[in-house]
Amino acid sequence: KILILDFGSQYTQLIARRIRELGVYCEIWAYDNPISAIRDFAPKGLILSGGPSTVTEEHTPRPPKEVFDLGIPVLGICYGLQCMAAMLGGEVSTSDKREFGHAEVDVCEANSLIVETRQSVWMSHGDKVTELPEGFTVIGKSNNAPLCAIADESRRFYGVQFHPEVTHSEFGEQILSRFVHQICDCGRDWSASNIIQDCIESARAQVGDDHVILGLSGGVDSSVVAALLHEAIGDQLTCIFVDNGLLRKNEGDQVMETFAENMGVRVIRVDAEDRFLSELAGVNDPEAKRKIIGRVFVEIFEEESKKIDNAKWLAQGTIYPDVIESAASKTGKAQVIKSHHNVGGLPEGMELKLLEPLRELFKDEVRRIGLELGLPAKMIHRHPFPGPGLGVRILGEVKKEYADVLREADAIFMAELYATGWYEKTSQAFAVFLPVKSVGVVGDNRSYDYVIALRAVQTVDFMTATWAPIPYDILANISSRIINEVRGISRVTYDISGKPPATIEWE
Ligand code: XMP
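What follows is the structure, given as C-alpha cells:
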C-alpha cells in the first residue's frame, strides 16, 4: 500500500483514485501526522501531494523529516517536490514566470520514473526548484522549469513539478504506474473481488453475532452496502426501506424485487406515504419541507428498528470522499475518523454502533463492487436522487395528485433518455412539477392544466453544471409524449439555466 500525504491540493483525491485504478491500495492522510503513525501504517511508498503553499515562506506545511529515513521510495508532486527539495538541502524560489496548463517536458537522463523522452504535461505552479539537493540529478526539463523532474535513484526519491495524476499529462498514468509497481514493488491486488473479500472479512470481524440494521434507499451506496452485508452476514442484516410516497415511478417495487425477491435480503418495507403527505400538507417553504421529510424519516426508522431484537449496529453507505471531506473540514486531518450521517441522521437515543463498510472506497470502486456483487447495472449507474425525493421537485406544497402526475412525466423523460443514449450523457436529469396552470388546446377544447419543466445537466462534481444540449427532435418527442400521455399537463418546458447561477434542483 501507498500513503499519500496531503498538502491541500485540489488534485489529491485524484492521485488516490489513479493509484487505486492501478490496483494498489492507498490512503490520504494530512501531512502533519506523526512519524509513528506513518511507521505503523507501513506503506511501501510515499507520495507528497501538491498544495497551495509556498516553501519559500517560514512555517509552511512540512511532513515529519523522518519520512526521508524510512527507507521507502518517495514521490513529490508539485508542492511535494518543492517541499522535499527544500527539506533535503536544495533551494526553491518563487519565479517571475508562472506556469499553468500545458508544457513540454524533455527527459534528459535515463531513470526509472519517466521513460518517454518528450511528453506533454499539466503544470500549475509559481515556485520552482532552483538548486538540487545533494544526491539528486535532473531527469526532466521544461521551458520554465529547468529542474522540472529530479531523482535520487540510490535513495529512490523522485520529484516532478507537473501533475501526473491529471489526464492532460500524456504519460501520467505510466509515471504513477512505474512509481507504485516498479519502484515501490506494489502488486496489482486491489481488485473488485479482493475489495469485496476484504470488506466482508472486516464486517464479519466487527459485528460477530450481532444484528445490523440498514436504511436502504435504493441509491447506489446503500444498495451496495446491502448486497455486501448480505454476503457477509446474511440473516444478521435487516434493511428498512421507507417508502415516503415521494419516490419515482415503480421505485419501491424495484427495490423490493432486487433485494428481497432476487437476492433474499431481509427488507422491511414501510409504506409511509400518508404520513409524509399529511405532515407536508400546507407547507410551501423548501427548507421546511426538507426538515419535515428528514424528521419523519428518522421517526419511522427509529420506530421500525425498535422492533428488531438485538440490533447493535447501524450500517451506512459512507464513502471515502465523505470521510476525507468531513475529516478535513472538522480537523484538517484526513485520517481522523468522523462519522457521517447520510441517511437522514442517526436516530437520537438509539445506542447503535456505526458500521461503514464502504468508508475506504471511492464512488467508482463502489460501483465496481456493486456490479461484481450482482446488482443490476441500471441501478449502479443511476443518476443521484436527493433524499427528499419528489418533495423538492414539486414546487411549493406537496400533494399526492401532483406527485402522481410528476412520476408519470418523469418516467417518460427517463425512458426517452435511455432509448436515445442521453441518460449516460447526462449527470442528472429529472422532471419538475410547476403548480401553475397554463392554457392549451386539446382537440376542439380549451385545456387549462399544469406545467412540467425538464431539467438535464452535465457536471463532474455537481458544484458547477451546464444544461445538457439534448437535440431538439428528442425534446420534441418527450414533450409530445408527456402532454399526450399524462393527464393534467398542458405544457412542457426545458430548463436552460447553468449552475451557477441556478442550482440543479429547483428548490
Ligand atoms: P443543487 O440543487 O444544490 O444540487 O445544485 C446539487 C446536488 O445535490 C442534490 N441535492 C440533494 N441531495 N438532499 C440530498 O440528498 C437534498 O436535500 C438535496 N438537495 C439537492 C441534487 O440532486 C444534486 O445532485
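Quick note, the sequence shown lines up with residues 8 to 514 if you use UniProt numbering.
Just so it is clear, CB atoms sit at the ideal spot from N, CA and C, and this is done for glycine as well.
- ARG400 is the residue among SER100, SER16, ARG400, GLU379 whose C-alpha sits nearest the C-alpha of GLU512.
- Inclusion of ILE35 and ILE11 in the CB contact set at 7 Å is warranted, their separation being smaller than that value.
- Distance from PRO140 to GLY78 at the Cβ level is roughly 17 Å; contact not present, criterion being Cβ atoms closer than 8 Å.
- At a threshold of 6 Å, GLY394 counts as near the ligand XMP, since its beta carbon sits closer than that to one of the ligand's heavy atoms.
- Distance from the CA of MET470 to the CA of ARG453, rounded to the nearest whole angstrom, comes to 42 Å.
- For the 7 Å CB-CB criterion, ALA416 and LEU424 do not form a contact.
- Counting other Cβ atoms within 10 Å of its Cβ, LYS298 stays below 16 and is therefore classed as exposed.
- Not one heavy atom of the ligand XMP falls within 6 Å of the beta-carbon of THR466.
- Look at ASP371 here: in three-state DSSP terms it is helix.
- Taking a cut-off of 8 Å for Cβ pairs, the region 87 to 106 and the region 179 to 195 do not touch, as fewer than three such pairs fall below it.
- Judged by their CB atoms, ALA322 and LEU236 are nearer to each other than the 7 Å cut-off.
- Between GLN168 and TYR86, the alpha-carbon positions lie close to 8 Å from each other.
- Within the same chain, VAL62, VAL99, ASP134, VAL136 come within 7 Å of GLN89 by CB-CB distance, once the 5 residues on both sides are set aside.
- No heavy atom of the ligand XMP is found nearer than 6 Å to the CB of GLN323.
- Of the residues ILE300, MET270, VAL227, the one whose Cα lies closest to the Cα of MET386 is VAL227.
- The DSSP assignment places 86 to 94 as complete runs of the alpha helix (DSSP H) inside the region 51 to 136, in order along the chain (cut-off: 4 residues).
- With at least 16 other beta carbons inside 10 angstroms of its own, THR19 counts as buried.
- With a threshold of 16 other beta carbon atoms within 10 Å, HIS170 meets it and is buried.
- Around the beta carbon of GLY324, 16 or more other beta carbons sit within 10 angstroms, so the residue counts as buried.
- 7 Å or more divides the Cβ of ILE190 from the Cβ of PRO364.
- In the DSSP assignment, THR19 falls within the alpha helix (DSSP H) that extends over 19 to 28.
- For the ligand XMP, a non-hydrogen atom lies closer than 6 Å to the CB of ILE511.
- Between the ligand XMP and ARG389, a heavy atom-to-CB distance of less than 6 Å is absent.
- Close CB contacts of SER200 within its chain, under the 8 Å cut and outside five residues either way in sequence, are with GLU379 (chain order).
- Minimum Cα-Cα distance from GLY495 among the listed residues VAL412, LEU254, GLY396, SER209 corresponds to VAL412.
- If you draw a straight line from the Cα of ILE477 to the Cα of TRP429, it is about 7 Å long.
- Contact between the region 249 to 263 and the region 390 to 404 is present: three or more C-beta pairs spanning the two stretches fall below 8 Å.
- Ranked by Cα distance from VAL330, the options LYS444, PHE369, VAL493 are led by PHE369.
- Here PHE392 carries a coil assignment [DSSP, helix/strand/coil].
- The three-state reading of DSSP puts HIS237 in helix, counting H, G and I together.
- Scanning its chain for C-beta atoms nearer than 8 Å, with the 5 sequence neighbours on each side dropped, one finds around LYS407 the residues GLY252, GLU280, LEU284, in chain order.
- Annotation: the continuous alpha helix (DSSP H) that includes VAL214 extends over 199 to 214.
- By the Cβ-count criterion, TYR479 is exposed, with fewer than 16 other Cβ atoms from all chains shown falling within 10 Å of its own Cβ.
- HIS170 carries a coil assignment under DSSP once its states are collapsed to helix, strand and coil.
- According to DSSP, residue pairing for GLY222 in a beta bridge involves ILE247.
- By the Cβ rule, the region 194 to 213 does not count as touching the region 47 to 65, because fewer than three pairs are nearer than 8 Å.
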